[in-house]
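What follows is a set of notes on a single structure, which appears directly below.
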Amino acid sequence: MTWFGLVWCTTEWPVTDDVALPCRYAHEKGTSLEVKKGEKKMIFYSVFYNYTMEDSAFFKMIQEPAPMDPVLLRLKVSVDNAIMKYLNKLQDGSDLDAPRIELTQSTYPIMADRLQKDSNIVSQLGGYFFVLGPLLSFTIMVNEIVREKELRLRQGLQVVGVGHGVYWLSWIVVAVIFSFLTTVVLMTMGYLCQFDVFWNVPMLLMFIMFFSFSLAMSAMAFFVSTLVSTQPQANQIAYTFILVTIIFQIVFSQQDVNNMFLYNDDTRNSFYIKLCSFIFHLIPSFTFANVFGAIIKVGSTHLDAESIQWVQGREYGWGDFMKEETGDIVLGFSYTMPSGFAQLMILFMDIAFFMTLAWYFDHVISANRGVSDPPYFMFTRKYWESWAKADSEEVKAAIREQRRATIKKRKTENVMNDYSGDINLGESTATGQKDSVKKEKKKVVSAERDGLISDGLRVVGFRKTYFKKAFGRKSKDDVHAVRGVYLEVPDRELLCLLGHNGAGKSTLFNMLTGVLQPTSGAAKICGLDVETQIDEIRLLMGVVPQFDILWGELTANEHMAMFCRIKGVPEEDIDSMTDELLTSVGLIHVKMARVANFSGGMRRRLSVAISSIGNPKIIFMDEPTTGMDPVSRKDVWSLIQRLKKNKVIVLTTHAMEEADILSDRIAVICDGKLKCVGTPLYLKNTFGDGYRISVVCETGQEPKIIDLMSKIAPSSKLIDESGGSMVFTVPLTHSNEIGQIFSLVEERQQQSKYQENTGSSGETDALLQPKLDTKQQHSSDLAELKALIKDCGISHTTLEEVFMKMTGKKQSKYVVKDAKVEQPQQQQSRYKMKK
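If you want the working numbering, it's the position in the sequence shown, counting the first as 1, plus 9.
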């Protein structure tokens, strides 16, 4: 492989594309070179060197220089000496006095690069590292605020009476404390590391610069948090902004870049330059880079653009901070840079700007407050009237007075229970359904027309529509979640809302608690309007939300103490109330344990206890016993039974047993409409199928049983038959027909008890049979039926059957003619017998 190569120029040597020098190596006579006397000759040649045969320093230490090959240098010297000797011989005829180049090698120290000599790490990289603390504050703020929104913690604080202003004030306090600590840590490390900029610049000035930048990042975090609803989105935005900030610091922390493009005296008045400057100044990191760059250019060792060397910094005073910087750029342009004070004022304007945006979008976007205001809300009378309310102490005093006072009783007789408690045996399902809802609406409208004050809850035509088109324009794709609900719930009553998933229960629940704003209609709680006086209502209200609104870092005791203070419970009563409520829900033994370690059922019990704090006038419970074991569920039921003695409770549940046991009245909602209202007994009597008679017999005896039942109870109908098990229904209007069935059940029960006590065999039973028959004579049909059946029982229509029938969402295997009805898990008063 060739290592070196030598190429001679024979014609001309190109210098540029247009200029070339003649080589003066013309072959005028054969191969000899004719040289005229006094004529200077230039000989050009190129040496080619195969560098791939040398070791590379690329993967070695970065301080090691490129390899030096002495052979290549000796080759060049030899060629140059030969050329000079040849030219001298041509000119003088002798090569003895020809000049020569001597080559010697010696080591010399490597001169320091002036770009690195006396360099300062603060001037080079300080702009990147000093922004990390405020950026950390920005990331934490965005994530925590969005987390509270996503987990509905803010909603939980809102429904217990924490106003939006108080909520944001708490975060502002956190931001100020966090910014203060971040600034103190940065400055402490700067002084400990002996950075000259910290010693040359007044301490107060450095503190104001770092503190204001951190506050600006927190204000921007507030604004960003109002735009996103999930933590993944918050993380994406936070890390993207960190990347943008670092890029801005890399580019704009060098003042010469800003001076050349943004503050150039020749172009600074251009519209596009002004627009770019305005947009850049909306980013706090850009403004901070300008302020910090102006300070280190004087107060720290910095690289001078003209001399291209590091210059020692001097003391930077308040006068320098107030003074504009002027000068000339290397390329001959002049610049005028705003003072550090002007840049700092822009940073404070950024804080005010982002706080204003956060305030605005917090009102406009419904994901923040649950209720969105129109984009022009600040120009409405309603918004400014809310500022003209009496101060909070007067409002609280009025609420306390209202609690003590006896609310004006109704002027007319309360007809709420006139229909709900009756056993309306002859009313059809359709008629009962229509009449119960109609009576409820009539009751509410009449009370409103007469101006009667509700001592509980009154709902007047509540509607909620989710419009598909903007600005509330109607379309066929609109979703009607709640459609004209009328309800009256007096004091000391528990109303249970039943409905399938998506029926509108939670929407109605959220509108009553102020989380959602109704499209139309009104609701009053203790005479206070839900839409306009929700802040006052929340002082009277307790809520068990569908999803537990708890902080995993706090203990159960800390949760209770916090909500007690929010509710205004006197400090001396907090401990006793906490112990009493935690004991009632069975959590007193874990009062000092963190909620993060609680099971789902324990969290629900804690939510129930929190809703009872402060003796509220009304409590809304959204599926309060979800996830509880049977023992805990019964404890909570006992607490609810005690609570409803002196307050209004509105409860939603999917457990029919819970609704049957706890509720005074039940309202069934389907597709946003109220289907029926009444007591559990009223619903069973009106919408049920009557009594159920269950019979078990030997396979093959079914036709005889059916024939005998038609004789004993002529109105009975077979609704289910499977493997020797049959179910008959008897209407409530023919309850007299089941008297003989009752006697049969009682006789079988006595026989079963006798067998269990004496352990008698079938022969003994046969001896006993005549005695039993003599005690109570039955017809031959009943005697034959008694001989055929192995087991029988009587039950009433269950609430679950009524619910399925009303909603029509599910059908049963029970058959009445061609209709199918799902067999529920009944709680029967059933007597089991052995034959």
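Beta carbons: idealized from backbone N, C-alpha and C, even for Gly.
Within the continuous beta strand (DSSP E) that includes residue i, where are the two ends?
i	result
E666	That residue, E666, is in no beta strand (DSSP E); its alpha helix (DSSP H) goes 665-671.
I702	700-706
T19	Careful: T19 lies outside any beta strand (DSSP E) and carries neither H nor E.
A676	674-679
D582	Where D582 is concerned, there is no enclosing beta strand (DSSP E), given that its DSSP letter is neither H nor E.
Is the closest heavy atom of the ligand ADP to the C-beta of residue i under 7 Å?
i	result
L506	Although the ligand ADP was asked about, the structure shown includes no ligands whatsoever.
Among the options, which residue has its Cα nearest to the Cα of residue i?
i	options	result
F232	V373, L652, T695	V373
I622	H568, A243, V659	H568
G336	M346, C573, S188	M346
N624	Y95, M198, P579, S734	P579
V723	S348, I747, R390	Checking the displayed sequence, the identity of residue 723 turns out to be Pro instead of Val. Ranking S348, I747, R390 by Cα distance to P723 puts I747 first.
V80	G681, L112, S647, M387	L112
T19	I52, D27, R482	I52
R547	I282, K576, T191	K576
S188	L145, I534, H489	L145
Q710	S734, D644, V320	S734
V88	Y54, G697, Y58	Y54
Compute the beta-carbon to beta-carbon distance between residue i and residue j, rounded to the nearest angstrom, for a pair I have assumed lies under 8 Å.
i	j	result
K693	M815	So it is not a contact: roughly 12 Å between Cβ atoms.
L652	L615	The pair is not a contact, with the Cβ atoms about 16 Å apart (cut-off 8 Å).
M520	K473	6 Å
G172	F301	Wrong, their Cβ atoms sit about 38 Å apart, outside the cutoff.
V140	S294	6 Å
F476	D631	Their Cβ separation, rounded to whole angstroms, is 25 Å, which puts F476 and D631 out of contact at 8 Å.
R156	Q245	About 15 Å; that fails the 8 Å criterion.
A303	E334	6 Å
V739	S719	About 12 Å separates the two Cβ atoms, so there is no contact after all.
A570	T587	6 Å
Out of curiosity, what's the CA-to-CA distance linking residue i and residue j?
i	j	result
T421	G561	Its pLDDT being 35, under 50, T421 is placed unreliably in this model, and the coordinates cannot settle the point.
D382	S375	8 Å
D557	T634	12 Å
Y495	V169	25 Å
Q542	V498	19 Å
V657	Q167	20 Å
S703	I675	28 Å
W17	Q100	21 Å
L646	G609	Note on residue identity: the sequence assigns Trp, not Leu, to residue 646. Distance between the alpha carbons of W646 and G609: 17 Å.
L727	V736	6 Å
G699	T807	10 Å
Q242	E159	11 Å
V194	F216	11 Å
S223	P527	40 Å
W368	Q164	17 Å
N273	F357	25 Å
F270	L284	12 Å
F13	A107	26 Å
H311	T197	22 Å
A531	D500	19 Å
M425	D673	Low per-residue confidence applies at M425: pLDDT is 37, beneath 50, and the placement is therefore not dependable, though the value from the model is reported in the following sentence. Distance between the alpha carbons of M425 and D673: 11 Å.
R613	L741	40 Å
A225	F363	8 Å
F297	H598	53 Å
Following the continuous alpha helix (DSSP H) through residue i, name the residue where it begins and the one where it ends.
i	result
L141	141-159
F287	280-290
S227	212-234
A570	565-575
T335	From DSSP, T335 is part of no alpha helix (DSSP H) but of the beta strand (DSSP E) over 334-337.
V182	173-201
H489	Run containing H489: none in the alpha helix (DSSP H); it sits in the beta strand (DSSP E), 488-498.
L271	Counting along the chain, L271 falls outside any alpha helix (DSSP H), and DSSP gives it neither H nor E.
K682	Segment 682-687 is the beta strand (DSSP E) holding K682; no alpha helix (DSSP H) there.
K514	514-521
With C-beta atoms as the reference, is residue i less than 8 Å away from residue j?
i	j	result
G687	S445	yes
S227	F138	no
A618	L590	yes
T564	V539	no
D371	L291	no
A7	L507	The requested residue 7 does not occur in the structure, where the chain is confined to residues 10 to 844.
R467	V454	no
V677	I798	no
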